[in-house]
Structure formats: C-alpha cells, structure tokens
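Structure first, then comments.
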Amino acid sequence: MYCPPGVILTSSNFLTSSKQCNFTGSNFTVPNYNLTAKVHDSAMVLIGIGCAVIVLGYFQVAFWSVSAERQTRRIREIVFRSILDKEILYFDTHKTGKDINKIHDGIGDKLGSVCQFLAGFLAGLILGFVKGWKLSLVVLSISPPLFLSAVIFSKLTASMTANELKAYGKAGAIAEEVFSSIRTVFSYNGTKHEQRRYEQHLEEAKISGIKKGATSGITMGFLWFMIFCAYALGFWYGAKLVRDEQFNIGSVLVVFFAIIMAVFQLGQGAPHFQALAQAQGAAYYVWGVIDAPSKIMSNSDIGLTSDSFSNIQFSKVSFTYPSRPDTQILNGLSFEANSGQTVALVGSSGCGKSTCIQLLQRFYDPLSGSVLIDGHSIDEYNLRWLRQHIGVVNQEPILFATTIKENIQHGKDDATDSDVEVAAKAANAHDFIMTLPDVKFSHFFRILSIVVVFFVKKYETMVGERGAQLSGGQKQRIAIARALIRNPRILLLDEATSALDNESEKIVQDALDKATIGRTTIVVAHRLSTIRNADKIVVIQKGVVVEEGDHETLMNKRGNYYALIEAQNLRRAEEENESEYDEEEDEDNLRVRRVRASTVISLMPSVFTAIRGTQENDNNDKKKDSSEKKPSPVWTMLKMNSPEWLYIVFGCLASLCNGGIQPVYVFIGLGILMLISMFLQGYLFACSGEILTKRLRAKVFQTMLKQDVTFYDDPTNSTGALCTRLAVETSAVKGATGIRLGLMLQNLASLGVGIILAFIFGWALTLMLLGFTPLLVIGGFLQTKLMSGFATSDKTTLEKAGKITVEAIQNIRTVAQLTKEKHFGDEYTRLLDIPYKSPDYNKAVEAAKNILDLFARKPAIDNSSSDGEQIANFSGELEFEGMYFVYPTRPDAIVLRNFKLKVKAVALVGGSGCGKSTTVQLIERFYDPMIGRLLADSKDIRSLDLEWYRSQIGIVSQEPILFDISIKDNIAYGDHSRVVSTDEIIEAAKSANIHDFIQQLPDGYDTNCGNKGTQLSGGQKQRIAIARALIRNPKILLLDEATSALDTESEKVVQEALDRAQQNRTSITIAHRLSTIQNADLICVLRHGVIVESGRHDELLAKQGYYFRLAQKKLK
C-alpha cells in the first residue's frame, strides 16, 4: 500500500513535464481555446492524482503505523520473555538495558516512507528509460557512489547507535539501582556520588551521539552533492542531445525530471534511511539479548516428572560462582536428606549453606559431582515442574508491588481466597493483615475511619515496591504463607524466621515444624535453637561437611557444632525461671486502647486543620495555574539548550543555506556548498541535541534524587516507571530541538526562496498557488491535535510496562523460584496491548511537559538542600516530643501515637509492625511527623541542614543494600565528605569481622559485589554494611536488626564491635533477639506505636510484664 503514492508522485512529474513540452519551445502554435482545453485536461488529471494521494497516503501512514506498533509490541514481548527465561548466570554477568523505541521508528511510518521513496525511484527510472535511455544512463552514472555512501553510512550509524545504547544501558542500570535503594542513598548522602556515576555514562553516550550526527551530516552532504552533480550532468548532456537533434526540449525535460525525481526520492528518503540504520543498531543490541545462550532453560517442556520426589542427595559437589571462578564455594560436599526428613545446614557465613539452596532450585549447575533427587540428577527433571514442587523462604523476603492476596497466590496458580487465608493463618500473618486498613474515601471520611472503618480491604492492601509498606517481620510472614500455599514436596528454609520478633517466631516456628511433617525439608539457620529438633544437622566449613548427626549426637561429640551452641549461650540463667502466664488481656492492652481513644479525640482538630490547609493550597495552586499562562514547553527546552547557542546559530545558518540552495539550481558550486553546510548542520545540531539530552537526563535524575521518600512510596513512581520516564522522555525532547529544528528551518528556507523566485518570474500565478497554503497549515494543525493524545498513552503504557520489567528482573530469583515467568510475561503483554503512536514533535512536546512538571514539583523534604543550621559540638542527643505519625500511603493507620522518648542509648523491642523501624525512618528524616517534633541537641531537625544532619548518622538496616561496585567502594560509600583511605576501610572491615573473608577473595577489596550484593551471602552483606556505617564515625548509630543475618561466631565478634561503637554515641538498637540488647542502658517496649514499658533488662524481667513474656517465648 506504500508504493502507489511514490509511483503517483513521480508519475505526476512525468505528466507535468510531458504537458509542458506542448507549451514551450519553437513549435508552440496551439490556439488559445486548445491551450485552455489541454490545461483543463492536465489539471483534472493532477486533481485525480491528488485525491488518490490523499486516500493512499492515509492508508500508507495508518497501516504502517499499526504494523510498527504490533511489531514493536511483539519485539518488547519477545525480549522480556527471553530475559525471564535466562539462567541466573546471565543476570550475574549482564546489566539489562535496551532501547526498542529506535526499532519502532525504523519499522513504523519511516519504513513506509522508505518504501514510498524507493517506489518513486523505480517509477522514475522506468519512465526515464522508456523516454530516453541515453540521457538516463548518463544521469544515473552518479548512482554507484550514492549507493556506496548509503551502505557506509548505514554501517557506521548502526555501530554508533549500538555504542550509544550500551552507554545508556549502563546509565539506566545505575538509575535502577539507585531508585530501588533510595533510602540507603539518602542515608549516606550518596546523591551527588550517584549523580557523578550516572553522568559518566551519559558522557559516553553523548560522544557516540555526536559522532553519529557528524557521520549523518557528511553522508547527507555527499548525497546532495552528487544529486547536484547529476543536475549539472543531465542539463549538459541534454543540451548536447538537443543540439545533435536526437531529442527535442520536451523529451529532454521528461527524461531529466524523471531521472532527477528518482534520484531526488533517494535524497528525500535519506533521513528515513537514517532511522532504519539506527533501528538496525538497536536491533543488533536487542537481538544480542534475545540470542544470548542459556544452558538452563526454564521454559523447556523436556525433562522428567515423578510421583516420587523427596529424597535429596549431594554427591561430591564442587561449585564456584561463574562471576567469581577463582573462589571455591563447595569442595566435594556430600550429604543426604531422606524422604520426610528435616536436615539443617549450619556453619559460618559464606561456608556454602545458601549455595546448596540455590543448587537445589537449579539456579546453577555444579562444576563436578551431582545433586540428586530420588536417584536422578536434577538436570534430568523438567525445570518448571521441579521448581513448582519446591517451596522456598529466603533470608531476605521479596514481595511484589501488588496486594497481599496476590503475593500469597503467587505460590500457587489456582489458589482460592480460602487457601490464601489458611496459608496466612499458618504463617501467623492473618491477624496483622486484618488490622491493615486501606480505605478509599475523601479526606473527611478518612478521619471518621479512624473510629469506624467503612471498607477495609485487608488482603487487598497494596504492599508497595519490594514490600516497602510492611515491616520486615510482616514481609517474612507473607513469604512463608506464599511457600506454604503450594503444599510443596520439598521445603527450603533459608533463615525463614530471621526477621521475626520473639512472639511471632515461636508461633511461626511451630507452624513450620508442622509444615515439615511428611516433607523433605532443608533448613539453613544461624539461630541454632530453631533446628534442635531436626532429624539431621549438617555442619559445613569452607564447602565441606565436617560433622553430621542429630542434636544430641553432635553435642556429645563436643566438636564444631558443640562450639557453635556454646557460643550462642542458649542455656541462660533465665531458662530455669520459665513460668506460665495468663494470655488474656492485661493492663497494657487496656492502656493501649485508652491511648487509641484519646488519640482520635486529640488528632481531630489538628488533622482537620491540616486538611483545610491542604485544600486551600490546592485551590490557590489551581487559581495560580489558571491565572498564569505557562510558557511553551518547547520554548523552555530551547532555553535549556541556550549554552549551546553557537552550535544552534551556526546550525541554523547551515540549515538556511541548505534550504535556500535547493530552489536556485546553480549546480556544481552549490553542490560543494551543500556538502559543507550539510556536514555542519548534522554535526552542530548533533552537538546541541546530545548535550541537551545529557543535560536533561542529568537534571531529571538530579530532580528525582531531590524528592522526598513519599515521592518514591507513590505506586506511580515505582523504580520501573521512573527509569522509563528518565530514558524515554528525555530522548523524546530531541524531537522538538536539535536536528529537527534544523530540518524545519531548512524547509522554511526552501519555501521562502522558492516563493521569492516564483514572485520574480510570475507573481499572479504565485499568488493563486499560495491560496492553498492555509489548507496545508490547517491539515498540519489537525494532525498535531489528533495525534497529540497518543504521546500521553505512550508514556503511560511504557511506564506501566517498565514497572513490570524492572520488578521482575530485579527479583528474578524469586520469579524463578515461584515459576512465575509466564505470569509476568502475560502481564507485560497485557499492558502492551494498548496501542500508541504519535509523531516525533508531539511526543517531544508531551515529554517536555512531563519533564517540566517534574522540575516544578517541590518536595516536602528536599534531599539536596543545604539550607539550615549546623550545630557546633554536636552530641547527637535525640528527643521525640508527643509525636503522631502515619505513612502518607496509608493515612488511616496511625503508626506512632503520642510517642515520647529521650534517646542516648536505647533499645526498642516489640512485635512486628509496632513502629520500631518507623522511628529509625523519622530520625533519618525520610518523613516528617503529623504532630509533634523530633529534637537533636534541642533543635527541631526540620531546622537543620539535612545533608549535614544525615552525615552524623550511621545506619545498619535489617535488609542491607549494597551497590554494584567493589567491596572497597561499598565500604567507602559510608562517608562522601572526604577520600576514605584504604587503611580506614580495612580497619572498619576488621571491626565488622569481614576482613579475613575479603582477603581470601582473588580480587580482595576490589571484588565486585554484584547487583544489590548478589555475589555475597546474607551474612557477608550484613558485615559490609556494618563496616560502611562504622567508617563515617557517626554521632548517632541506628541498628535495625544489625546482626540478624550473622552466624554465631560472627555475631559475637560483631556485637562486641557494635557495643564498642555505641560508646559515647547516641544509639538506637532494634532487635528481635533479646540477647543482643541485654546490656542496653534503656530498653523500651513498643505496642501499637506506644511505649508500654521501659527500663533495664533485669528491671523489665522483674516486672513480669510484656517484656518478660517476650523473653519467655524466646526461651520456649
């Protein structure tokens, strides 16, 4: 359908030229009435051609655009599904970054335009050879260099596009890492450091883009030079043929314009050839991802399935991680787990326990030896079937950004609501789920919902990205429910209760003990009390089994296991004082209920005031927006490009020159000028466009890092959505600047010079033809309006799809464990079913609007601000004054109620979700309280320089986040205010008991940690995070379950280091293991956001209150 317009347009030139020969030359003797009739006939033919072009042109754009959408959608789907089907090794060694938009351009209406121009080219050739083959051959002598330049240009552009995409892929990987770890970045004032890392790769992309623009310019210049040479050659040889009486003037004109039109069609198609070349480069990059080999295929239908599936055997297994081939993890490890047995793996961090769990799921294959199930090597089983019959609970639970119910249902495809509830109850999650309101009302009804909840979604509550809206213990219980719902034959528990408080741990451990009955269970545990009843305990050291047997047998041996038990000091003196206690409601519960009632009453006036203020601000903003006319987003973008004004001015001059040359037809000299000006136009606008793109990406990234944590809590600002916005919109802005600005000026210059020449030679006819100009303007305007909405649809679709891709790829191990590759692939496909397309200019305007909206957003807490006071001789003493707090995404659930606490050295304990970790986030000033204030050295922290204030705080979180950089750089990340010396890094590592392990690595401190530390065990990551906190020598130390992931030996050493580190510092310790806080100066017990008890360990035990019961449950 694309070819007819090209043929018709070329044929129209032939008809015009052939008629022209009747009106020109010495043989012009036609009477006036015959002339009018002939002109009338020609006009009717041209009108018919115009009507045909309207219809066929519509089908041309529409059909090719639809085809491009479908092909691009299919490519996106294929890429995403192929990534999900890769083995884990691929994710250990590759960064995922791709740009399919360039492929879309190459197969959309630009490909249709190429077909149109090629059709016109062929039509011109045929007409030219029919009318005069001699002249056609002479004019076509310029074709070989034209085609040669096109081939060279295509190759160079494809190569440079691939390099540009690689650089943008690296930058995108950094953005994804930063956005998904934003609290860690904020905690350590890492925004400027991350900005530098990001801009480093933008610079690489900019250089490739400028080279691509220069290549495009020189190629286009050479193309037009050859076309002008063809003009000159054609007129010279045509004149010779007329003089020799082989042709008349009319025939020469017909042949000349037919061939020139054919060549001109190639010239007009050059920008579209450029899009094809860029698409080729993008396709090479994308297909490299698709075709990357994968030894372990999760989507294969080949392999065994078995009714009997329970006996596990490791036989002389040796293994190294492919990303660290010089570090031996398992060294001939052998053990068995018979059907129905519970086998516990114990040993120090990094000894290979979690590696065994990964090998059982066939994330990797061993270097030697075999992992057998019922006598068959696991590589003989169908991989999907294998994973579907294994339940896994990891040390760091991963939840997806959906509802609690859907997260649990991920464990079993056909799970009913009843199944979900049963699994939640078994994991001790049901009770806390039923207390989670997620209410949808106006502001007024939200207040009333504190007293009466009209509609509570409970299991439909959104958990946030990576479960950010839940506490660590709550996330762990959801993960346990997800594993139990599938009723697996083999259960793998990798520190499954590490994040639970004592009360929940006992109940969940009982549930897990019941769940292991009749199943083969492999348990990895540092808390040896949780595996005392295991049928077999396997002690691993440096990848080798050194002891195995049940608890009593190993204790009697007095070997390695006995030493671990003794180190944990399980036989505390309190064990003899176990006593029963009444489980019914006590005075503490009554006190909490009284506080709840008083909270409602006291909050009502303040919250209503806040609501009125918000509404007034909203109204004022609306009035302001309506009264103030916003400047054009395109004009604003051009102003941002002002530092490159020299590039733009000279580029515009080159464009005007190019446009003015074309109507003049003074050939050879102007051809040389065209060559020079085309090169300058391509190079200069590439410089301005690429510099603007780099500046925009950097500024958008910087603006995103300025936002407060509430911004990142918003589901519409997920990591995937932000990465998509960062990549797509900043690139789309070039559609309104850069090269396209040059093309617009070039066309305007051509139009202007053409009109001037037309007026000189025939003003009356020119005026008549100009009467059609308003129709062209109206048509362009209507096209812009009709298509502009699709830019927004494009943005929304890409953001939603980007959210799915990032979430799935970030958590690929969890996706593989749950065999949810098809689920995420189908969800991605569903999102891509929404059609979208708009011209470059409309997409550019929409992208510019979105970027400017982001720039205009004022965060409540500006993370880049240096405004505020810096306290001299800062001691770090903190005080909470009557604080009330709710998370902005859950405004109906009050987390802290009239919270009052003066902090010097305090330990906080309590059930999951009671508000312990919230206090840490408030101290870091991720959020501000609704009511009350937090004082630091008697100063409201809102009045302090935020960057300086955070630099005084060291934090170790329950789920440590490491970056995809070296161990040395991860530790040095703790202090960006100076250059941290290697000696300081080593000293911090020694304090965290990680130095010896690092020294054993082939690359030592230069070893890369992998994305979020995937190349290290949980305990190793935790110790590096502790070293990172210690290196900044903070005045305030926040320890949120800092030793939860450590083995017994490391915990003892690290706890001693932390005890030393807390001296002369303000410290807040959050712990579920009460043994780690027994020596705290003050222990505060939290329930429902209220301190219900406080005192030293001995004092609280003597009260026999809530703390006493927590201790008793721990012992039991």
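Residue numbers (UniProt numbering): 1 to 1116.
The beta-carbon is built from N, C-alpha and C at its ideal position, and this holds for glycine as well.
Here the structure is a predicted model, which is why all the values come from computation and not from measurement.
Coarse secondary structure for residue i, derived from DSSP in three states
i     : result
H40   : helix
S875  : coil
V980  : coil
N850  : helix
D940  : strand
F824  : helix
E547  : strand
Y188  : coil
I517  : coil
A1111 : helix
V247  : The residue you asked about is not Val; residue 247 is Phe in the sequence shown. Here F247 sits in coil by DSSP.
Closest by C-alpha distance to residue i, when choosing among the options
i     : options                     : result
I971  : Q958, A992 and D417         : A992
R978  : S951, L767 and D1003        : S951
Y712  : N560, E176 and N382         : E176
F222  : S864, A158, K240 and P145   : P145
A816  : P888, I83, N1033 and V956   : I83
R813  : R243, L359 and V185         : L359
T497  : K1052, K506, F91 and I894   : K506
I312  : L726, T520, D983 and I998   : T520
A230  : V255, K514, Q409 and Q921   : V255
N382  : Q409, T305 and I357         : T305
I490  : H410, R387 and H430         : R387
D1081 : Y1106, S354 and E1099       : E1099
S1044 : P1034, K1035 and Q1055      : Q1055
Y887  : D928, L1110, I1026 and S354 : D928
Q958  : N533, G472 and F701         : G472
C-alpha distance - residue i paired with residue j, whole-angstrom precision
i     : j     : result
Q1063 : F963  : 29 angstroms
K694  : G172  : 13 angstroms
L696  : I1068 : 41 angstroms
L770  : L56   : 25 angstroms
G1004 : I967  : 8 angstroms
N811  : I398  : 7 angstroms
D853  : S688  : 23 angstroms
S349  : Y364  : 20 angstroms
L225  : M678  : Strictly speaking, residue 225 in this sequence is Phe, with Leu absent from that position. The straight-line gap from Cα to Cα measures roughly 10 angstroms.
Y949  : E199  : 26 angstroms
N487  : A1061 : 45 angstroms
F824  : R466  : 15 angstroms
Q469  : M462  : 8 angstroms
I756  : A262  : 26 angstroms
G1095 : E947  : 33 angstroms
S181  : I961  : 7 angstroms
K858  : Q707  : 8 angstroms
F1108 : A1102 : 8 angstroms
Own chain residues within Cβ distance below 6 angstroms of residue i, not counting five before or after
i     : result
A258  : F14, G124, L127 and G128
N560  : V539, V546 and E547
C914  : L1086 and R1087
I778  : none
L1039 : V956 and T1069
E690  : K206, G209 and I210
Same chain only: Cβ atoms within 7 angstroms of residue i, ignoring 5 sequence neighbours per side
i    : result
R527 : none
T918 : F885, V895 and L896
L975 : The question names Leu, but residue 975 is Asp in the sequence shown. Closer than 7 angstroms at Cβ, skipping near neighbours: I1031 and R1032.
Residue i beta carbon near the ligand NAD (any heavy atom closer than 7 angstroms)
i    : result
M883 : Among the components of this structure there are no ligands whatsoever, and the ligand NAD is therefore not found.
* Inter-stretch contact (C-beta, 8 angstroms, three-pair minimum) for the region 716-723 and the region 247-260 -> Inter-segment contact for the region 716-723 and the region 247-260 is absent: fewer than three beta-carbon pairs are separated by less than 8 angstroms.
* At a cut of 8 angstroms, does the region 329-343 reach the region 550-559 through at least three beta carbon pairs? -> Below 8 angstroms, too few C-beta pairs join the region 329-343 and the region 550-559 to call them touching: fewer than three.
* Report yes or no: do three or more beta-carbon pairs, one from the region 391-407 and one from the region 369-383, lie closer than 8 angstroms? => With a cut-off of 8 angstroms, the region 369-383 and the region 391-407 do not count as touching, because too few Cβ pairs lie within range.
* Is the region 1085-1101 in contact with the region 888-908, if contact means three or more CB pairs nearer than 8 angstroms? -> Yes: the two stretches touch, three or more of their Cβ pairs being nearer than 8 angstroms.
* Is the region 228-243 in contact with the region 187-204, if contact means three or more CB pairs nearer than 8 angstroms? -> With the cut-off at 8 angstroms, the region 228-243 and the region 187-204 do not touch.
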